[in-house]
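S.K.: Read in the numbering used here, the first sequence has 436 at position 159, and its numbers run on one by one without any break. Ideal Cβ positions, reconstructed from N, Cα and C, are used throughout, including at glycine. For reference, the structure I am asking about is given below.
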Amino acid sequence: MVSGRIVDDFNLDKIADSGQCFRWEKQSDGAYSIIHLDKRLKILKVGQEYELSCTMDDYKNIWYTYFDFDTKYSKIRQLIDRNNDRFMYNAVTYGKGIRILRQDTWEMLISFIISQRKNIPAIKSSIEKLSRLCGTRHIDETDNTEYYSIPTPEQILKTSVNDLNACGLGYRVDYIKSVAKEVYDGKLDIKSLENMSYEQSLYRLKQLYGVGDKVANCVILFGLHNLDAFPIDIWIQRILENEYNGENNYPFEKYRPYNGVFQQYMYAYYRNRGD
DNA sequence: AGGCAGGTTCTTA
DNA sequence: TAAGAACCTGCC
């Protein structure tokens, strides 16, 4: 167990609701259960302090990085021009506390392929079913709970299409199998994406069957942690149209190299504002 | 009950 | 090159 204060922007509910992570579950005691690679963390806010169900070693080596505590989001927020970009000012005021997690690239690839034309509960459900079906099983010894990792490419390939179809993946099964095969065959080296420029990684990801502009940018932002990647989904599209008079008038230069962070603020604000 | 969901591919001109 | 249809499935 590790506990302490976290001063910079950090709001669990807002991160959980931001649409970047699909394996956060709020428990009845108010803690979030988070599955990341082969680890599971429970994190609970008590007053101004956080309690984390991990060893100090795991905190330092895994979770500190996962939560991206090296990046000062309070500083990034200062880039906004509150007089000339009122919408962004409101969005950031609303979304303060959001961070961009450093998630696993392979998990992001699978998750966002699944996400297309689905709502968030359906995405979570499919990912959970897929993990239970063919991911590696673990036991969290702090509370004797079992949990499952996202399946590796090999684990997906060893699973029959019939079984995969039970995960509610629909037509995305073909996409997932195809991507798994490319990694397994060595045609796609996930690790090598990390050393590429934005353009190179975007190009490579979009070559994959079932990966278009939106999914690729999500992988780059949430997996490769390139904070300038700017995924445009239906909500962001509406924002660009309604609040900025079209994509061509959005001030990308002003928010470089953090366009992806501001994208998250806008997304959270606009979705919860109810229009 | 039936439209719609954090898109992408395929088809057509 | 660009628009429009088709796509599986399960939430709300």
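Identify whether residue 465 lies in helix, strand or coil by the three-state DSSP scheme.
M.R.: Taking the first sequence and counting its residues from 1, one reaches residue 465 at position 188. Of the three classes helix, strand and coil, the one that applies to residue 465 here is coil, per DSSP.
S.K.: Please list the terminal residues of the continuous beta strand (DSSP E) segment that includes residue 281.
M.R.: By 1-based counting over the first sequence, the position of residue 281 is 4. 279–282 is the extent of the beta strand (DSSP E) around residue 281.
S.K.: Just the C-alpha distance for residue 511 and residue 518, rounded to the nearest angstrom, thanks.
M.R.: Here residue 511 is taken as the residue at index 234 of the first sequence, counted from 1. Here residue 518 is taken as the residue at index 241 of the first sequence, counted from 1. Using only the alpha carbons, I get a separation of about 11 Å.
S.K.: If you drop the 5 nearest sequence neighbours on each side, which residues of the same chain put their C-beta closer than 6 Å to that of residue 365?
M.R.: By 1-based counting over the first sequence, the position of residue 365 is 88. So the qualifying residues of the chain are 357.
S.K.: Please specify which runs of the alpha helix (DSSP H), each continuous and at least 4 residues long, are wholly inside the region 366–447, giving them in chain order.
M.R.: If we require 4 residues or more, the alpha helix (DSSP H) runs fully inside the region 366–447 come out as 382–392, 397–411, 430–434, 438–441.
S.K.: Buried or exposed, going by whether 16 or more other CB atoms sit within 10 Å of the CB of residue 529?
M.R.: One-based indexing of the first sequence puts residue 529 at position 252. Classification of residue 529: exposed, given that the 10 Å Cβ count is below 16.
S.K.: Taking a contact to mean a Cβ-Cβ separation below 8 Å, would you say residue 496 touches residue 389 in this structure?
M.R.: Here residue 496 refers to the residue found at position 219 when the first sequence is read from its first residue. Here residue 389 refers to the residue found at position 112 when the first sequence is read from its first residue. Taking 8 Å as the Cβ cut-off, residue 496 and residue 389 qualify as a contacting pair.
S.K.: For residue 543, count neighbouring C-beta atoms within 10 Å of its own C-beta (all shown protein chains included) and say buried if the count is 16 or more, exposed if not.
M.R.: On the first sequence, position 266 is the one that residue 543 refers to. Result: buried.
S.K.: Given this structure, state the Cα-to-Cα distance separating residue 483 from residue 360, to the nearest angstrom.
M.R.: Taking the first sequence and counting its residues from 1, one reaches residue 483 at position 206. Taking the first sequence and counting its residues from 1, one reaches residue 360 at position 83. Roughly 38 Å between the two C-alpha positions.
S.K.: Quick one: what's residue 502 bridged to in DSSP?
M.R.: Mapped onto the first sequence, residue 502 falls at position 225. None; residue 502 has no bridge partner.
S.K.: Residue range of the alpha helix (DSSP H) that residue 511 falls in?
M.R.: As a position in the first sequence, residue 511 is number 234, starting the count at 1. Where residue 511 is concerned, the enclosing alpha helix (DSSP H) stretches over 511–521.
S.K.: Please confirm whether residue 475 and residue 353 have their CB atoms less than 8 Å apart.
M.R.: Counted from its first residue, the first sequence places residue 475 at position 198. Counted from its first residue, the first sequence places residue 353 at position 76. For residue 475 and residue 353, no; Cβs fall outside 8 Å.
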